[in-house]
Structure formats: structure tokens, C-alpha cells
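Residue numbers (my numbering): 616 to 818.
Worksheet: the structure to be examined is printed underneath.
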């Protein structure tokens with residue numbers, strides 16, 4: 616797999632970030648889930664969920680897929696929310712800065728086609744509810760990426776596991792001079808943790 620050069624550089628930067636003991640304990644649950652599915656030769660389906668499916672869950676879907684591909688693991692990456700909004704344009708600009716190639720189709724709640732390599736199919740990213748037809752209906756782990764969705768969705772139909780991996784919302788910095796920095800900071804953290812997760816899967 617030939618990653619785009621700017622993206623490859625950001626992946627190397629993400630891999631160099633330390634994982635704290637606290638965060639390590641949180642994502643170990645995800646590692647264990649993936650390892651079990653891998654060992655049993657079952658499909659690995661991860662649905663990253665936050666309230667609006669606009670920022671953190673989109674970053675997670677994208678970086679989860681890239682991290683799995685980077686480490687040679689077949690994984691189906693999805694995302695969803697409890698409300699439909701749109702893939703936030705600030706988050707889209709952040710992934711562009713990281714070296715992804717992005718094309719857009721439609722308005723309002725457009726579909727974005729996110730490429731990380733010319734050798735791979737694009738990741739299709741748009742805001743949707745977690746049980747949208749684009750997502751697998753059963754046999755998946757619900758990865759809860761925000762506290763609001765985690766606390767207000769006590770039951771996710773079809774999920775065989777529910778794993779909280781919460782991230783702070785970069786939305787708090789919208790329209791400030793720190794906006795781009797904070798979106799990139801969150802994206803890099805998610806990249807770092809997803810790369811760490813898939814690096815720990817024993818083949």
C-alpha cells in the first residue's frame with residue numbers, strides 16, 4: 616500500500632506520540648475485542664459513534680480504517696450518530712492538511728470520498744445515524760467517541776460490544792485563532808491511538 620507522502624509523514628508523527636497509562640487501559644478493551652475477532656476469523660466491524668457524527672466519529676472512522684490497512688488487518692470501519700448533521704467542514708479541512716485526498720458530492724449533508732492511497736477504495740464519509748443502511752446492522756462493536764452519546768444511548772441495537780473511547784470535542788475552538796490547531800491535535804491523537812490499537816494485534 617502506497618500512502619500519500621504527507622499522510623505517511625503524519626502517520627510517523629502519530630506513532631511517535633506516547634500513550635498514557637490511562638488511555639492505554641481504555642483502548643486495551645478495543646484491542647482485546649479486535650484480537651478475539653481476528654483469532655476467530657470473524658469480520659471485524661467497528662462503528663464509531665458520537666452525537667452528530669460530524670467530527671470525532673468521522674476522524675475515528677477514517678483513522679481506524681487507515682490504521683488497520685497500515686498494519687495489514689482487514690477491518691470494516693463505520694460511523695454514526697444519534698442526529699444527522701454533516702461532516703463538519705473544519706474537520707474535513709483538517710484531514711486534508713494531514714494529506715488525505717478528498718472529493719465532495721452534494722450539499723447540505725454531502726458525501727466526502729476520502730483517499731489515503733491510490734491503491735485503495737475511498738472511505739465514504741457523511742453524517743448519518745448509527746443504524747443507517749450504510750452501516751452493518753449486526754455483529755459490530757459500538758465505539759462511543761463522545762460522552763453525550765455514551766451517556767444518552769444506553770442501548771445500541773445490533774452491537775455485540777460497546778466500548779467507550781471518548782475524545783474531547785474540538786468544536787469548543789470553532790471560530791477562534793486556535794481552531795485549526797485544535798482540530799489537528801484531536802485528529803493526531805485519534806490517529807495515534809488507532810495506530811497503536813492495530814499495532815498490538817497478533818497475527
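Using N, Cα and C, we set each Cβ at its ideal position, and we do this for glycine too.
- Comparing alpha-carbon positions, the option among 805, 817 and 818 lying closest to residue 631 turns out to be 805.
- Per DSSP, reduced to three states, the secondary structure at residue 785 is helical.
- With a cutoff of 8 Å on beta-carbon distance, residue 665 and residue 751 are scored as not near each other.
- In chain order, 753, 754, 755 and 756 place their CB closer than 8 Å to the CB of residue 775, counting only its own chain and leaving out the 5 sequence neighbours on each side.
- Distance between residue 706 and residue 742, taken at the CA atoms: about 12 Å.
- In the DSSP assignment, the residues bridged to residue 693 are 662.
- At a Cβ-Cβ threshold of 8 Å, residue 685 and residue 758 do not count as neighbours.
- Residue 809 sits in a helix when the DSSP states are folded into three classes.
- Secondary structure of residue 777 (DSSP, three-state): strand.
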